[in-house]
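Student:
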Amino acid sequence: MGKALIIGCGGVAGVVIHKCCQNSDVFEEIMIASRTKSKCDAIKEQLEGRTPTKIRTAKVDADNVDELCALIDEYKPDIVMNIALPYQDLTIMDACLKCGVNYMDTANYEPEDTDDPAWRAIYEKRCREAGFTAYFDYSWQWAYKEKFEKAGLTALLGSGFDPGVTQAYCAYAQKHLFDQIDTIDILDCNGGDHGYPFATNFNPEINLREVSAPGSYWEDGHWVEIPAMSIKREYDFDQVGRKDMYLLHHEEIESLAKNIPNVKRIRFFMTFGQSYLTHMKCLENVGMLSTTPIEFEGHQIVPIQFLKALLPDPATLGPRTKGKTNIGCIFTGKKDGKEKTAYIYNVCDHEACYREVGSQAISYTTGVPAMIGAAMLMTGKWSKPGVYTVEEFDPDPYMEALNKWGLPWQVNGNPVLVD
């Protein structure tokens, strides 16, 4: 079918690469590119001979548009899969526009340097106008819509699990289950145990910035912002059990509020154990979650980046992690004039993921949808020029692919509501 350039070689990228190689009818060739080529070479060595997919590797700095363009022009992929950091979304999108190739990623843009004056001015204006203060938002990438339309290219934003699959669930519910969706509660439960006192299941810098920020939700046409971790609920998750969960700001709320007509409320909850929260609060109190560089023994260091270097690499958690995840969406609304509820969700087993692709379930549940999103564009099942999130496409082929490639979903027609 075609060729994909995969930028990134961390835990999620490892899953993406394995799943692309399983789907060799679509991904006839892949190139794995990262700042550290030795990591790419190690995965290539692991998979060569076990898949019909041809694998190449390269070194690239994803912050450098010229380097990216040189690699894209040399390899000539059908799609660039951005599995790097959200900091690099815009440079990779710029390179795709310059070289005429489709783009996809798993998380929306946020800046590495939140003290940059130029970014800060735009950010503070957005805070005043939109009503939420998260560092990450879609506005920077939505601004590329006309450029991608004129170039006849597609940019698919946020094809991980949340964002990504959760939006496909919403589009599926809107198409098949409801005439009107009134409320959406997105629930992300990780019931896994890696045995460490404190570790994050994906990039520590991104994870800790996200969960230590103020929470927010969409209600009656506007944002409501709350102090971090100030709204707590308990929920009994299928195959996991009762867990405490906390309301967070999350990026798919922003696009769903735009794309689900007349929705009254959208919230996002994620489960955390007390040990995680205690460690995080202590680190925050001593300044270790700061993104502002400080001087230390003649060197500039960013505290949260230094902390990232001390914490376990999420890519190493696979063999240690036991338990299951449960991620899904609870809907209320109307069908045929009657009140209706539904809960679409997936349960994923950490140990089963490790046996299949050598990762824990957090990386697996992000990596599988990334492969599926790229496959939707490469096969033409999703095709329209511009910049779009997952819920703006037909959910049916995506939902079918989730069942086929390792993330089967189910519908509970009478769920317990959060409140």
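According to full-length UniProt numbering, numbering within the sequence shown proceeds without interruption in unit steps and concludes at 419.
Virtual Cβ for every residue (Gly too), placed ideally from N, Cα, C.
1) Quick one: is D162 buried, meaning 16 or more other Cβ sit within 10 Å of its Cβ, or exposed?
2) From A151 to D94, what distance separates their C-alpha atoms?
3) Identify which residue in D394, T379, L247 and I372 has its Cα closest to the Cα of A173.
4) Note down, one range per segment and in chain order, each beta strand (DSSP E) of at least 3 residues found wholly within the segment 199-257.
5) With H, G and I counted as helix, E and B as strand and the rest as coil, what does DSSP make of H299?
6) Could you pull the DSSP bridge partners for S34 from this structure?
7) Can you look up Q305 in the DSSP assignment and give me helix, strand or coil?
8) Compute the beta-carbon to beta-carbon distance between V80 and Y235, rounded to the nearest angstrom, for a pair I have assumed lies under 8 Å.
9) Taking contact to mean at least 3 C-beta pairs separated by less than 8 Å, is the segment 104-118 in contact with the segment 137-148?
10) First and last residue of the beta strand (DSSP E) that includes Q180?
11) Does the Cβ-Cβ distance between H249 and E219 come in under 9 Å?
12) Would L5 and Y87 qualify as a contact pair, given that the criterion is a beta-carbon distance under 9 Å?
13) In three-state terms, what does DSSP make of A84?
14) Excluding five sequence neighbours on each side, which residues of the same chain lie with their C-beta closer than 7 Å to the C-beta of R320?
15) Could you please give me the residues that DSSP links to Q410 through a beta bridge?
16) Alpha carbon to alpha carbon, what distance is there between T341 and A42?
17) Beta-carbon separation of N190 and L156 under 9 Å?
18) What are the partner residues of I330, as DSSP defines its beta bridges?
19) Compare the C-alpha of C9 against each of P408, A84 and N285 and name the closest.
20) Taking DSSP's pairing of strands, which residues face D105 in a bridge?
21) If A309 and A213 are in contact, beta carbons under 8 Å, what's the gap, nearest whole angstrom?
22) Using the three-state DSSP reduction, which class does I260 fall into: helix, strand or coil?
23) Pairs of beta-carbons, one from the segment 280-293 and one from the segment 164-180, closer than 8 Å: are there three or more?
24) Rounded to whole angstroms, what is the Cα-Cα separation between A401 and I372?
25) For K381, which residues from the same chain have a beta carbon less than 6 Å from its beta carbon, with the 5 sequence-adjacent residues on both sides left out?
26) Work out the CA separation of T166 and E391 for me, nearest whole Å.
27) Could you pull out every residue in the same chain whose Cβ sits closer than 8 Å to the Cβ of V60, ignoring the five residues on either side in sequence?
28) May I ask you to report which of helix, strand or coil DSSP gives R320?
29) According to DSSP, which residues form a beta bridge with Y388?
30) For V12, which of A315, R233 and P415 has the nearest alpha-carbon?
31) If you run the structure through DSSP and keep just helix, strand and coil, what is A4?
32) Does the separation of the CB atoms of F268 and D188 fall below 9 Å?
33) Return helix, strand or coil for T291, following the three-state DSSP convention.
34) Under DSSP, the beta strand (DSSP E) around F272 begins and ends at which residues?
35) Give every residue of the same chain whose Cβ lies closer than 7 Å to the Cβ of Y144, excluding the five residues on either side of it in the sequence, and list them in chain order.
36) Which residues does DSSP pair with G164 in a beta bridge?
Tutor: So, from the data block:
1) buried
2) 12 Å
3) D394
4) 215-219, 222-226, 232-237 and 241-247
5) strand
6) K59
7) helix
8) V80 to Y235, Cβ: 38 Å. No contact.
9) yes
10) Q180 to N190
11) no
12) no
13) coil
14) H194 and G195
15) Y345
16) 47 Å
17) no
18) D185 and Y343
19) A84
20) N82
21) Incorrect: roughly 22 Å between the Cβ atoms, too far for contact.
22) coil
23) no
24) 7 Å
25) P397
26) 9 Å
27) I7, A33, S34, R35, E67, L68 and L71
28) helix
29) L156
30) A315
31) strand
32) yes
33) coil
34) Taken as a continuous stretch (DSSP letters only), F272 belongs to no beta strand (DSSP E), as it is neither H nor E.
35) M93, A155 and V387
36) G160
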